[in-house]
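Per full-length UniProt numbering, the sequence shown starts with residue 1, numbered consecutively.
Idealized CB from N, CA, C, for every residue including glycine.
Beneath this line is the structure, given in structure tokens, with notes to follow.
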Amino acid sequence: MTQPNAPITQDVHTIPRKLPEGGKINLVGLTRAQMSEALIAAGTPEKQAKMRVGQVWQWIYHWGVRDFAAMTNLAKDYRAMLAEQFEITLPEIVTKQVSEDGTRKYLLRIAGGHEVEAVYIPEETRGTLCISSQVGCTLTCSFCHTGTQKLVRNLTAGEIVGQVMVARDDLGEWPEKNSPKNETRLVSNVVLMGMGEPLYNFDNVRDAMQVVMDNEGLTLSRRRITLSTSGVVPEIAKTAEEIGCLLAVSFHATTDEVRDRLVPINKRWNIETLLNTLREYPRLSNSERITFEYVMLKGVNDSDEDARRLVKLIKGIPAKINLIPFNEWPGAPYERSDWQRIESFADIIYKAGYASPIRTPRGEDIMAACGQLKSATERSRKSRAEIAAEAGL
Ligand code: SAH
Ligand code: SF4
Numbered sequence: 001m002t003q004p005n006a007p008i009t010q011d012v013h014t015i016p017r018k019l020p021e022g023g024k025i026n027l028v029g030l031t032r033a034q035m036s037e038a039l040i041a042a043g044t045p046e047k048q049a050k051m052r053v054g055q056v057w058q059w060i061y062h063w064g065v066r067d068f069a070a071m072t073n074l075a076k077d078y079r080a081m082l083a084e085q086f087e088i089t090l091p092e093i094v095t096k097q098v099s100e101d102g103t104r105k106y107l108l109r110i111a112g113g114h115e116v117e118a119v120y121i122p123e124e125t126r127g128t129l130c131i132s133s134q135v136g137c138t139l140t141c142s143f144c145h146t147g148t149q150k151l152v153r154n155l156t157a158g159e160i161v162g163q164v165m166v167a168r169d170d171l172g173e174w175p176e177k178n179s180p181k182n183e184t185r186l187v188s189n190v191v192l193m194g195m196g197e198p199l200y201n202f203d204n205v206r207d208a209m210q211v212v213m214d215n216e217g218l219t220l221s222r223r224r225i226t227l228s229t230s231g232v233v234p235e236i237a238k239t240a241e242e243i244g245c246l247l248a249v250s251f252h253a254t255t256d257e258v259r260d261r262l263v264p265i266n267k268r269w270n271i272e273t274l275l276n277t278l279r280e281y282p283r284l285s286n287s288e289r290i291t292f293e294y295v296m297l298k299g300v301n302d303s304d305e306d307a308r309r310l311v312k313l314i315k316g317i318p319a320k321i322n323l324i325p326f327n328e329w330p331g332a333p334y335e336r337s338d339w340q341r342i343e344s345f346a347d348i349i350y351k352a353g354y355a356s357p358i359r360t361p362r363g364e365d366i367m368a369a370c371g372q373l374k375s376a377t378e379r380s381r382k383s384r385a386e387i388a389a390e391a392g393l
């Protein structure tokens, strides 16, 4: 006999094996396999799990639905069970700033009251969302604002996927009901170039990208995702194997002496080690080019000699060199190279046969440009001594 209020549904034959401790499980950011496991643990019969995941997945990632009650192809009782045990939760927008050039910077609050930033950069034919992977960063690249902020914690996969969904919410990018295809593509590209070192949060980044790349939801192809690393060598091959996205490397210098100072992780894995690893990367993921990011710092790494050395170093690697004019932040110990200097540097690289685009700073008026992200509210700051020691200044 069924009791009137008992949470029994036609789909649920077993007693939940594992009840979420201390609250509901957030479905956002679970891979299909993880979601299946969670639904089974909540009582979904194993045989139905794949189908249920497919249905719930489509509601969340294709239609952008947040309310289980709206998942109309699921039985009512099943929806009630979902609502009881699960949630669909995204980071909360604390502030949104819109630059004169249309760039949008979101300050997002995540569990624990921490804050991270994500930046949407509209371009004529595409839109790129720059997302964060950590609150702060353990590394201390001396030209990077995020590097002055202590690592507070890794983001969960849900918080990483959530940034993409928040941007789509804000841009109104979910498909209209009954429209067969999602035609708009405002967020057409994702770059892991916000706060944090993505390869120090590998598993969560990988799971999040699997969700983002899934071809029945957010459906961004792996070629539209670029992960930027400061050079965490042991994780680079894994990135190709387990994520398969494009890779960008924060190169920034042509001698170990200078790179040690700019990107201190170089003391652990130096230029030669890094380059040897990169030589393997394209082969693993089907011959795409690696982006070498190179921040232009006046009098530090911007000479013609540097440009020529760079070309020699990367010989044999399918590459493009992205020159980033240094973006200043309060208290930064560097200056941006002069425009002429940047052009002369770019020219040498271009003549050697590599694309050498100069990245136009976007959203500078709202401090949204590369390397300027730092949640002002996060008090935890590295000491000057820590920064100086790491950077060997
Ligand atoms: N942690 C990762 C990704 C985030 S930074 C990494 O270091 O690769 C994205 C890019 O912006 C990196 O190449 C980084 O070195 C660069 N960057 C950091 N601070 C900058 C600044 N102030 N001006 C210009 N580029 C900066
Ligand atoms: Fe961290 Fe990247 Fe900034 Fe270096 S450049 S401190 S790795 S966020």
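From the options, residue whose alpha carbon lies closest to that of residue i
i	options	result
C134	R222, T128 and Q163	Rather than Cys, the amino acid found at residue 134 in this sequence is Gln. Nearest option by C-alpha distance: Q163.
G244	D214, I271 and F251	D214
P122	S344, N26, S188 and G54	S188
V161	I225, K312, R126 and L313	I225
D203	I93, G112 and N154	N154
R223	N201, L192 and V233	L192
A355	E364, V311, Q340 and W329	V311
T103	E92, I110 and R126	R126
T308	R268, I60 and A253	Reading off the sequence, residue 308 comes out as Arg, not Thr. Of R268, I60 and A253, the residue nearest in Cα terms is A253.
R32	W269, Q149, R336 and G158	G158
P330	T148, M81 and Q340	T148
N266	G231, F292, V249 and Y281	G231
W339	K315, G353, T360 and V205	T360
N270	F251, Q55, I110 and N26	F251
L171	Y281, G64 and K320	G64
Y78	V56, L313 and V94	V56
E364	E242, E328 and R336	E328
V233	N276, V212, Q210 and E241	N276
A111	A167, V152 and K320	V152
M209	T146, S132, K150 and E280	S132
L108	E272, A167 and N201	A167
V205	E176, T156, P175 and V249	T156
R66	V28, A38, E46 and Y281	V28
V249	H145, T128 and Y281	Y281
Contact check, residue i vs residue j, beta carbons under 9 Å
i	j	result
L30	D169	no
F326	M296	yes
L247	S221	no
P333	T140	no
V190	C137	no
D304	I348	yes
residue 399	S36	Past the boundaries of the shown model lies residue 399; the chain is included only from 1 to 393, so the question cannot be answered.
R185	E197	no
N322	Y294	yes
V53	R362	no
L218	Y61	yes
M195	E117	yes
L74	M165	no
F345	L262	no
P236	L278	Correcting the residue identity first, residue 236 is Ile in this sequence and not Pro. Cβ distance < 9 Å, so I236 and L278 count as in contact.
V94	E115	yes
F292	K315	no
Supposed contact pair residue j and residue i - C-beta distance, whole angstroms, cut 8 Å
i	j	result
P318	I342	Their Cβ separation, rounded to whole angstroms, is 23 Å, which puts P318 and I342 out of contact at 8 Å.
T239	L199	7 Å
Q58	E216	6 Å
*Any contact of the segment 32 to 47 with the segment 80 to 97, i.e. 3+ C-beta pairs under 8 Å?*
yes
*Does the segment 51 to 71 come close enough to the segment 97 to 109 that 3 or more CB-CB pairs lie under 8 Å?*
no
*If you pair each beta-carbon of the segment 251 to 258 with each one of the segment 294 to 311, do three or more pairs fall below 8 Å?*
yes
*Near the ligand SF4, which residues have their beta-carbon less than 5 Å from any of its heavy atoms, given in chain order?*
C137, L139, C141, C144, T146, G147, E197 and S230
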